[in-house]
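What follows is a single structure, written as structure tokens, with notes after it.
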Amino acid sequence: MLKTFLAALAFGLALWLGAGLLIEGLFAPRTVRGERIEVGGRKMRLVCAGPAKSERPTVWLEAGAFGFSADFGDLQAALAARGLRVCAYDRAGLGYSDPGPRPRDSQAVVDDAVRLMDAAGVTGPVILLGHSMGGQHVRLLATQHPDRVAGLVLVDATTPEAVEIPLVARFVRVFGRLSQAVAGANSVGLAKPLFFLGDRIGLADAGAVREKQAMFVSGRHARNAADEAVHWLDGAAHARAAGGLPPSLPVAVVTAGPAPENGAGVWAQAQAAPARASEAGAYAAVREAGHATILSHAHNAAIVAAVERVAAAAR
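Here you go:
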């Protein structure tokens, strides 16, 4: 009985893995968007859209946990249509970028971003836009390199102070452990049959959708994303130690879900705090959007408006 069960299990597992390999082989993208730029002996993928030259600041996009440049496929198109130069990139080891030195904490992310900007010729102060965990990275970049930053847009983002909330800190630790489990499963191919579940944003950009699907089942992508996740709290500590943002820096915050009412919880207050502290701050909530779908063409109008507002204030 046991032998029969084990044989059936092995056969089922072989079918599952085989189906995943077939799906990936048939539908993985043959070409990817953007270019790979050498940064310190390794290559990082950068995707830029919009006019090569503009009087307004370039918008630099920073994805959240497990995210990469494809997350911003729809948003890039919308911002480029407004005449803005907008660049998204894959952090080290994610998407189509080579792995970088560990640990992959916020400091490592910021150092890479600055080197990539220089290598790509992204000059002049930029508007930093961070989604989710990316909010922590752009905060550190803004405080360590204020001469490079014209303004900040935080999209349903985490702040370094927010992870000091006990419930949020507990979530971050659990998320790190779950991320390692996902990395293990992806590394042996267990996720490959789930290829078509890879786009939780609802992207309209077909190329970005295929890239999201490919990375959703990638072991390499998951392992490096998990390394970032387990160093989330360390990165937050670095960002807090670097100090706060100057009040003169334009900051816009856009959150997913209904706007918090007076007396809302500490999480909502922490998300909105950077906009309240700015002399040119703005806040908007996208009631019908979720944490991921807020980046989609269906829900990103408020983000586009926030970027436009920060760009105007930065002049």
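One point on numbering: in our numbering, the residue at position 34 of the sequence shown is 1281, and numbering is uninterrupted. Just so it is clear, CB atoms sit at the ideal spot from N, CA and C, and this is done for glycine as well.
(1) Is it right to say Val1279 is buried, meaning 16 or more other beta carbons lie within 10 angstroms of its own, or is it exposed?
(2) Looking at C-alpha atoms only, which residue of Gly1320, Ser1301, Ala1367 is the closest neighbour of Arg1283?
(3) So, are the CB atoms of Leu1363 and Tyr1336 less than 8 angstroms apart?
(4) Among residues of its own chain, excluding the 5 on either side of Val1513, which ones have a beta-carbon nearer than 7 angstroms to its beta-carbon?
(5) State the start and end residues of the unbroken alpha helix (DSSP H) segment that holds Val1305.
(6) How far does the alpha helix (DSSP H) with Ile1550 in it reach, from first residue to last?
(7) Cutting at 7 angstroms between CB atoms, please list the residues of its own chain near Leu1341, excluding the five before and the five after it.
(8) From Val1286 to Arg1332, what distance separates their C-alpha atoms?
(9) According to DSSP, is Arg1338 helix, strand or coil?
(10) Please confirm whether Asp1446 and Gln1460 have their CB atoms less than 8 angstroms apart.
(11) Is the beta carbon of Arg1303 sitting closer than 8 angstroms to the one on Val1551?
(12) Consider the Cβ of Cys1334: report whether some Cβ of chain B lies at a distance smaller than 8 angstroms.
(13) To which residues does DSSP link Val1286 through a beta bridge?
(14) Tell me the rounded alpha-carbon separation between Asp1321 and Arg1523.
(15) Can you tell me whether DSSP reads Gly1510 as helix, strand or coil?
(16) Let me check understanding here. Comparing Cα to Cα, which of Ser1465, Val1533, Val1500, Ala1527 lies closest to Gly1377?
(17) Report the three-state DSSP secondary structure of Ala1545 (helix, strand or coil).
(18) Considering only the beta carbon of each residue, do Asp1359 and Ala1389 sit closer than 8 angstroms?
(19) I'd like to check one pair, Ala1483 with Pro1407: are the Cβ atoms closer than 8 angstroms?
To lay it out plainly:
(1) On the sequence shown, residue 1279 is found 32 positions in, with the first residue counted as 1. Classification of Val1279: buried, given that the 10 Å Cβ count is 16 or more.
(2) By 1-based counting over the sequence shown, the position of residue 1283 is 36. It is Ala1367 whose Cα lies nearest to the Cα of Arg1283.
(3) The count along the sequence shown starts at 1 and reaches residue 1363 at position 116. The count along the sequence shown starts at 1 and reaches residue 1336 at position 89. Yes.
(4) As a working note, residue 1513 is residue 266 in the sequence shown. For Val1513, where only same-chain residues beyond five positions count, the Cβ hits under 7 angstroms are Ile1412.
(5) Walking along the sequence shown from the start, residue 1305 turns up at place 58. Looking at the sequence provided, one finds Thr at residue 1305 rather than Val. It is not in any alpha helix (DSSP H) - Thr1305 carries neither H nor E in the DSSP assignment.
(6) As a working note, residue 1550 is residue 303 in the sequence shown. 1548 to 1560 is the span of the alpha helix (DSSP H), which, as asked, contains Ile1550.
(7) As a position in the sequence shown, residue 1341 is number 94, starting the count at 1. For Leu1341, the CB contacts under 7 angstroms within the same chain, skipping 5 residues up- and downstream, are Phe1315, His1468, Asn1471, Ala1472 in chain order.
(8) Translated into positions along the sequence shown, residue 1286 becomes position 39. Translated into positions along the sequence shown, residue 1332 becomes position 85. Approximately 21 angstroms, taken between the alpha carbons.
(9) Residue mapping note: residue 1338 aligns to position 91 of the sequence shown, counting from 1. Here Arg1338 sits in coil by DSSP.
(10) Locating residue 1446 in the sequence shown gives position 199, counting from the first residue. Locating residue 1460 in the sequence shown gives position 213, counting from the first residue. For Asp1446 and Gln1460, yes; Cβs fall inside 8 angstroms.
(11) Here residue 1303 refers to the residue found at position 56 when the sequence shown is read from its first residue. Here residue 1551 refers to the residue found at position 304 when the sequence shown is read from its first residue. Judged by their CB atoms, Arg1303 and Val1551 are not nearer to each other than the 8 angstroms cut-off.
(12) The question asks about chain B, but that chain is absent: this structure has only one protein chain.
(13) Position 39 of the sequence shown holds residue 1286. Bridge partners of Val1286: Arg1289.
(14) The residue labelled residue 1321 in the question sits at position 74 within the sequence shown. The residue labelled residue 1523 in the question sits at position 276 within the sequence shown. So the alpha carbons of these two residues sit roughly 28 angstroms apart.
(15) What you label residue 1510 is simply residue 263 of the sequence shown in a count that begins at 1. With a pLDDT of 47 at Gly1510, under the threshold of 50, the predicted position of this residue should be treated as unreliable, though the coordinate-derived value follows. In the structure shown, Gly1510 sits in coil (DSSP, three-state: anything other than H, G, I, E or B).
(16) As a first step, residue 1377 must be located in the sequence shown, where it is residue number 130. Selection Ser1465, Val1533, Val1500, Ala1527 evaluated against Gly1377 yields Val1500 as nearest (Cα-Cα).
(17) Position 298 of the sequence shown, counted from the start, is the residue given in the question as residue 1545. For Ala1545, the secondary structure class from DSSP, reduced to helix, strand or coil, is coil.
(18) As a working note, residue 1359 is residue 112 in the sequence shown. As a working note, residue 1389 is residue 142 in the sequence shown. At a Cβ-Cβ threshold of 8 angstroms, Asp1359 and Ala1389 do not count as neighbours.
(19) Within the sequence shown, residue 1407 is the residue found at index 160, counting from 1. Within the sequence shown, residue 1483 is the residue found at index 236, counting from 1. At the C-beta level, Pro1407 and Ala1483 come within 8 angstroms of one another.
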